[in-house]
Amino acid sequence: MGGLHARRGQPRDEEVEYEDDEGYPRDEDDDLRNIMVNIPSFIGSTNPEAYLDWERKMELIFDYNNYSERKKVQVAALEFTDYAIVWWDQVSMRRRKNRQPPIETWAEMRTVMRDRFVPSSHHREMHQALQLLRQGTKCVEDYYREMEMLMIRADLEEDRDATIARFLYGLNREIRNVVELHPYADLYDLVAIAAKVEKQQRSNVGRRFTPPQAAPRPGTPSTSNPRPAITKLEASTQATKVEAPKDKPQALVEAFNASNVMEEGIWPTNALIKEL
């Protein structure tokens with residue numbers, strides 16, 4: 001800033017006076033001609049938001065440089081690449097072939113480009129995405145930022161209370177239930193409260209205490225590998241199974257075991273085995 005300096009002790013809410021090396025006031029420098037501005041390129045993406053972002057940047061640059069309408073068209077076309085430059089050449093050739101005047105205003109160029117790179121359904125899709133937007137796994141700040149971006153892209157202007165209700169409805173329930181108990185002045189205040197509640201809840205989750213397991217008393221058998229319990233049916237089956245005498249067929253004894261294994265108190269005797 002050369003010999004410019006702010007007067008020390010000057011209050012922040014008052015106008016700051018600048019002086020040259022001799023102490024005389026110096027005029028503000030609002031000449032932008034010496035500042036270099038890079039023109040963004042456009043490749044002709046099928047993503048509508050890619051074009052709309054490029055369009056917004058170009059309008060900022062045009063406001064900054066105060067170009068004529070014809071120069072705006074020329075500067076924008078110079079930064080076309082890939083598909084965009086092929087498409088633009090085709091548009092220009094078709095207009096010449098049909099004896100139509102060339103595009104010489106930014107408004108006309110913007111209309112032609114929107115017809116090609118922004119489908120008619122895009123505006124409706126932005127409204128649908130905004131209607132279905134929920135916080136989910138996003139943090140509060142990211143959720144609000146996405147909601148605001150969708151509102152801008154949908155060109156939606158709604159009442160302040162409607163926007164607040166939209167934001168609250170999309171918040172996660174555990175955050176919304178706490179936020180609704182706090183007073184707030186406006187939407188930005190509400191977002192700050194929601195972010196604070198979210199931070200506290202995440203901190204509380206990290207502080208949860210898991211009590212240690214009690215150590216086994218001395219002499220208590222270890223239960224790391226407990227013996228499997230024997231059911232009553234298995235015990236009865238084991239108790240009622242008998243071996244066949246050498247002079248009796250094994251099939252007869254197995255038939256007895258199968259018919260009596262479920263009846264308690266029926267035990268084979270030697271006399272019964274002999275009868276078999």
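Going by the UniProt record's numbering, the first residue of the sequence shown is number 1, and it counts up by one from there. In this text, a Cβ means the ideal position worked out from N, Cα and C, and glycines have one as well.
How many angstroms separate the CA atom of PRO119 from the CA atom of THR46? The sequence position of residue 119 within the sequence shown is 119, counting from 1. The sequence position of residue 46 within the sequence shown is 46, counting from 1. Answer to the nearest angstrom: the Cα atoms are 9 Å apart.
Using CA coordinates, which residue listed in TRP54, PHE167, ILE164, THR137 is at the minimum distance from MET113? Here residue 113 refers to the residue found at position 113 of the sequence shown. Ranking TRP54, PHE167, ILE164, THR137 by Cα distance to MET113 puts TRP54 first.
How is the alpha helix (DSSP H) around LEU168 delimited, first residue to last? As a working note, residue 168 is residue 168 in the sequence shown. Here the alpha helix (DSSP H) through LEU168 covers 160–170.
Take GLU79 and list the residues in its own chain whose beta-carbon comes closer than 8 Å to its own, dropping the five residues that flank it on each side. The residue given as residue 79 occupies position 79 in the sequence shown. For GLU79, where only same-chain residues beyond five positions count, the Cβ hits under 8 Å are ILE39, PRO40, SER41, PHE42.
List the DSSP bridge partners of PHE80. Sequence index remark: in the sequence shown, residue 80 carries index 80 (1-based). Looking at the DSSP assignment, PHE80 forms a beta bridge with PHE42.
Just to confirm before moving on: does the CB-CB distance between GLN201 and LEU171 stay below 9 Å? Position 201 of the sequence shown, counted from the first residue, corresponds to residue 201. Position 171 of the sequence shown, counted from the first residue, corresponds to residue 171. No, these two residues do not count as a Cβ contact at 9 Å.
Exposed or buried, which one is VAL37 when buried takes at least 16 other CB atoms within 10 Å? On the sequence shown, position 37 is the one that residue 37 refers to. So VAL37 counts as exposed.
Have a look at ARG166 and GLU104 and give me their C-alpha separation to the nearest angstrom. Reading the sequence shown from its first residue, position 166 is the one you call residue 166. Reading the sequence shown from its first residue, position 104 is the one you call residue 104. Approximately 43 Å between the Cα atoms of the pair.
Here's the rule I'm using: 16 or more other beta-carbon atoms within 10 Å means buried, otherwise exposed. How should ALA239 be labelled? For this step, residue 239 is matched to residue 239 along the sequence shown. Residue placement at ALA239 is poorly supported in this model, since its pLDDT is 49, which falls under 50; the coordinates still yield a value, given next. So ALA239 ends up on the exposed side.
So, helix, strand or coil for ASN65, using DSSP? Residue 65 sits at position 65 when you count from the first residue of the sequence shown. Of the three classes helix, strand and coil, the one that applies to ASN65 here is helix, per DSSP.
What separation, rounded to the nearest whole angstrom, lies between the Cα atoms of GLU146 and ALA50? Within the sequence shown, residue 146 is the residue found at index 146, counting from 1. Within the sequence shown, residue 50 is the residue found at index 50, counting from 1. So the two alpha carbons sit approximately 16 Å from each other.
Name the residue from ASP142, CYS139, ARG124 whose alpha carbon lies nearest to the alpha carbon of ALA154. Position 154 of the sequence shown, counted from the first residue, corresponds to residue 154. Considering only alpha carbons, the answer is ARG124.
Comparing C-alpha positions only, which one of TRP106, SER121, ASP161, ALA194 sits nearest to TYR67? Your numbering for residue 67 matches position 67 in the sequence shown. The shortest C-alpha separation from TYR67 is found at TRP106.
Checking 9 Å against the spacing of the C-beta atoms, do VAL140 and GLU180 come in under that value? In the sequence shown, residue 140 corresponds to position 140, counting from 1. In the sequence shown, residue 180 corresponds to position 180, counting from 1. Result no, Cβ atoms of VAL140 and GLU180 do not sit closer than 9 Å.
Does the Cβ-Cβ distance between LEU130 and LEU168 come in under 9 Å? For the purposes of this step, residue 130 is identified with residue 130 of the sequence shown, where counting begins at 1. For the purposes of this step, residue 168 is identified with residue 168 of the sequence shown, where counting begins at 1. No, the pair does not count as a contact, with Cβ atoms beyond the cut-off.
Identify, in the order they occur along the chain, each residue of the same chain with its Cβ nearer than 6 Å to the Cβ of LYS72, setting aside the five sequence neighbours on each side. Counting from 1 along the sequence shown, the entry for residue 72 is found at position 72. Once the five neighbours on either side are set aside, the close Cβ partners of LYS72 are PHE62, TRP106.
Residues near ASP82 in its chain [Cβ-Cβ closer than 8 Å; skip 5 each side]: As a working note, residue 82 is residue 82 in the sequence shown. Around ASP82: ILE43, GLY44.
9 Å Cβ cutoff met for PRO102 and ARG94: The count along the sequence shown starts at 1 and reaches residue 102 at position 102. The count along the sequence shown starts at 1 and reaches residue 94 at position 94. No, the Cβ-Cβ distance between PRO102 and ARG94 is not below 9 Å.
Could you give the distance in angstroms between the alpha-carbon of ILE164 and the alpha-carbon of ARG176? By one-based count along the sequence shown, residue 164 stands at place 164. By one-based count along the sequence shown, residue 176 stands at place 176. Going by the C-alpha atoms only, they are around 12 Å apart.
Please state the DSSP three-state secondary structure of THR111. Residue mapping note: residue 111 aligns to position 111 of the sequence shown, counting from 1. Residue state, collapsed to three classes: helix.
Which of helix, strand or coil does DSSP assign to MET58? As a working note, residue 58 is residue 58 in the sequence shown. In the structure shown, MET58 sits in a helix (DSSP, three-state: H, G or I).
Mind checking whether ALA77 and MET126 have CB atoms under 9 Å apart? The residue given as residue 77 occupies position 77 in the sequence shown. The residue given as residue 126 occupies position 126 in the sequence shown. No, these two residues do not count as a Cβ contact at 9 Å.
Can you tell me whether PRO48 is helix, strand or coil according to DSSP? For the purposes of this step, residue 48 is taken as residue 48 along the sequence shown, with counting starting at 1. Reduced to three states, the DSSP call for PRO48 is helix.
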